[in-house]
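Numbering (the working numbering), first residue to last: 9 to 247.
Report on one structure; see the data block that follows.
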């Protein structure tokens with residue numbers, strides 16, 4: 009028997025279909041939603057939160073992650089503060105989590121620390137969990153989404169991505185001197201006994217990855233909270 013494709017249940021929605029889905033799906037008064045999003049300098053930080061706050065109102069809770077890196081530029085910090093104020097305007101009681109991306113020895117720890125923070129939230133209080141990866145680094149969102157897929161038994165999991173190539177091209181990664189894998193995605197990478205050949209780490213992470221095979225996973229992709237939104241998802245849970 010052939011195993012089902014991971015993206016078999018994926019549905020792509022664009023433009024007004026995204027807004028229509030959000031307004032219809034999240035207007036259900038029985039839905040309580042946790043939003044996990046970035047609160048950094050990225051101009052896309054508040055767009056998904058604004059989109060969700062309309063139909064959800066007080067049924068929307070948020071965990072806002074502030075990725076902290078050493079020697080951050082003053083202008084970027086200023087932008088981050090402005091984005092945080094906007095986010096708190098939509099969800100005043102949101103939990104703001106400062107997250108160190110690097111340890112004291114410059115080891116990358118952001119993904120591991122993000123999972124620890126999410127693990128402290130009682131997910132059973134919510135019907136849906138939304139991850140807005142637009143303003144979060146891949147090293148943070150991949151581990152968080154993996155953790156949610158393993159932990160959410162009854163909740164729908166949504167992933168929103170705002171695609172803005174111009175902004176992405178202006179953001180540069182902060183490199184570390186030692187190659188490492190994203191937390192939780194090491195796979196078979198590592199030294200092999202008796203192996204003489206050198207090993208090269210190649211991390212392949214697309215802008216729109218597909219996660220999991222479960223029917224209750226929803227992957228949402230948004231280009232902007234404007235009429236040109238792109239939105240893809242895997243259908244809601246069925247029984």
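Backbone N, C-alpha and C fix where the C-beta goes; we use that ideal spot for every residue, glycine too.
Taking C-alpha atoms, which residue in the options lies nearest to residue i?
{"i": "residue 168", "options": "139, 53, 134 and 83", "result": "139"}
{"i": "residue 128", "options": "98, 62 and 159", "result": "159"}
{"i": "residue 258", "options": "151, 57 and 49", "result": "Nothing about residue 258 can be reported from this structure: the residues present for the chain run from 9 to 247 only."}
{"i": "residue 79", "options": "31, 98, 109 and 104", "result": "109"}
{"i": "residue 107", "options": "84, 82, 116 and 74", "result": "74"}
{"i": "residue 145", "options": "68, 32, 24 and 120", "result": "120"}
{"i": "residue 126", "options": "44, 25 and 69", "result": "44"}
{"i": "residue 111", "options": "132, 131, 76 and 67", "result": "76"}
{"i": "residue 86", "options": "67, 51 and 68", "result": "51"}
Here's the rule: buried if 16 or more other CB atoms are within 10 angstroms of the residue's CB, otherwise exposed. What is residue i?
{"i": "residue 93", "result": "exposed"}
{"i": "residue 91", "result": "buried"}
{"i": "residue 84", "result": "exposed"}
{"i": "residue 32", "result": "exposed"}
{"i": "residue 224", "result": "Confidence at residue 224 is low in this model, with a pLDDT of 39, below 50, so its placement is unreliable and no value can be given for it."}
Straight-line CA distance for residue i to residue j?
{"i": "residue 36", "j": "residue 95", "result": "23 Å"}
{"i": "residue 134", "j": "residue 171", "result": "27 Å"}
{"i": "residue 142", "j": "residue 162", "result": "25 Å"}
{"i": "residue 61", "j": "residue 152", "result": "22 Å"}
{"i": "residue 104", "j": "residue 71", "result": "6 Å"}
{"i": "residue 150", "j": "residue 157", "result": "11 Å"}
{"i": "residue 39", "j": "residue 81", "result": "40 Å"}
{"i": "residue 55", "j": "residue 113", "result": "35 Å"}
{"i": "residue 132", "j": "residue 25", "result": "29 Å"}
{"i": "residue 130", "j": "residue 164", "result": "15 Å"}
{"i": "residue 69", "j": "residue 29", "result": "19 Å"}
{"i": "residue 205", "j": "residue 174", "result": "Only weak support is given to the placement of residue 205: the predicted model assigns it a pLDDT of 40, under 50, and the value that follows is read from those uncertain coordinates. Distance between the alpha carbons of residue 205 and residue 174: 39 Å."}
{"i": "residue 67", "j": "residue 53", "result": "20 Å"}
Suppose contacts are defined by Cβ-Cβ distances below 9 Å. Is residue i in contact with residue j by that definition?
{"i": "residue 27", "j": "residue 59", "result": "yes"}
{"i": "residue 42", "j": "residue 101", "result": "no"}
{"i": "residue 46", "j": "residue 148", "result": "yes"}
{"i": "residue 98", "j": "residue 123", "result": "no"}
With a threshold of 8 Å, establish whether the CB of residue i neighbours any heavy atom of the ligand FMN.
{"i": "residue 161", "result": "As for the ligand FMN, it is missing from this structure, which has no ligand bound."}
My assumption, with CB atoms under 8 Å, is that residue i sits in contact with residue j. Please give the rounded CB distance.
{"i": "residue 88", "j": "residue 48", "result": "5 Å"}
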